[in-house]
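Colleague: Those letters in the sequence shown? Residues 14 to 146, per the numbering used here, in order.
A virtual CB, placed ideally from N, CA and C, is assigned to each residue, including glycine.
All figures in this text were calculated on a predicted structure; none of them were measured in a lab.
Quick one: this structure, given as structure tokens, is what I'll be asking you about.
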Amino acid sequence: SGALYTVQHALKQGREVFVTPSSIYNPLTKGSHRLIKEGAKLVENIADILEELHIYRPPIVIPTKNPIVTKPEVKNLDEEHKLIFDYLVTSPNSIDGLVELSGLDVSKISSILLMLELQGLIAMQAGGLYQCN
């Protein structure tokens, strides 16, 4: 497919290619497995990507028993990033929940969440919920 060709071209150029693990029993994941065999890096979470790219990620702070919820001050976020961040300040939420709340499409939400996570502002928790750090 075109996607596999693009990835193979990136690998030949020495570019970083990351692949998430998939079931060995699903015939649709053979392409992902082949990419891993050919040099793509297997990643299970954002921390794996940050580690490979040598990007520091601040440690997760565990709140006290009675945390006072204060909105963290964030700078340099555009309107859409700030909107999603503000939703996560009030409570953890899933991608689907954020799509419903914001009206943005899934790909846009995913992109925003990745950028917020790379900036150390949010983290994905068990069950696919995102929350502020």
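Should L127 be labelled buried (16 or more other beta-carbon atoms within 10 Å of its own) or exposed?
Modeller: Counting Cβ neighbours within 10 Å, L127 comes out exposed, since fewer than 16 surround it.
Colleague: Using 10 angstroms around the beta-carbon of A136, count the other beta-carbons present and answer buried if the total reaches 16, otherwise exposed.
Modeller: Its Cβ being crowded by 16 or more others within 10 Å, A136 is buried.
Colleague: Can you tell me which of F31, I68, S120, L96 puts its alpha carbon nearest to the alpha carbon of L155?
Modeller: The structure shown does not extend to residue 155, since the chain spans only 14 to 146, so no value can be given for it.
Colleague: Does the Cβ-Cβ distance between S107 and L142 come in under 8 Å?
Modeller: Yes. Within cutoff.
Colleague: If the criterion is Cβ atoms closer than 8 Å, does the pair L24 and A53 meet it?
Modeller: Yes, Cβ-Cβ distance for L24 and A53 is below 8 Å.
Colleague: Any idea which residues DSSP pairs K54 with across the strands?
Modeller: For K54, which the question treats as bridged, DSSP gives the partners F31.
Colleague: Using the beta-carbon count (16 or more within 10 Å), is E130 buried or exposed?
Modeller: Buried, because 16 or more other Cβ atoms sit within 10 Å of the Cβ of E130.
Colleague: Could you name the residues of the same chain whose beta carbon sits closer than 8 Å to that of V30, not counting the 5 residues immediately before and after it, in chain order?
Modeller: Closer than 8 Å at the Cβ level, and outside the excluded window around V30, lie V20, A23, L24, L48, G52, A53, K54.
Colleague: DSSP three-state call for R135: helix, strand or coil?
Modeller: The question names Arg, yet the displayed sequence has Ile at residue 135. The answer is strand: DSSP assigns I135 an E or B state.
Colleague: Starting from Y143, follow the alpha helix (DSSP H) in both directions and report where the run begins and ends.
Modeller: Here Y143 belongs to no alpha helix (DSSP H); instead the beta strand (DSSP E) covers 143 to 145.
Colleague: Which first and last residues belong to the alpha helix (DSSP H) in which S104 is found?
Modeller: Neither: S104 is in no alpha helix (DSSP H) and is coded neither H nor E.
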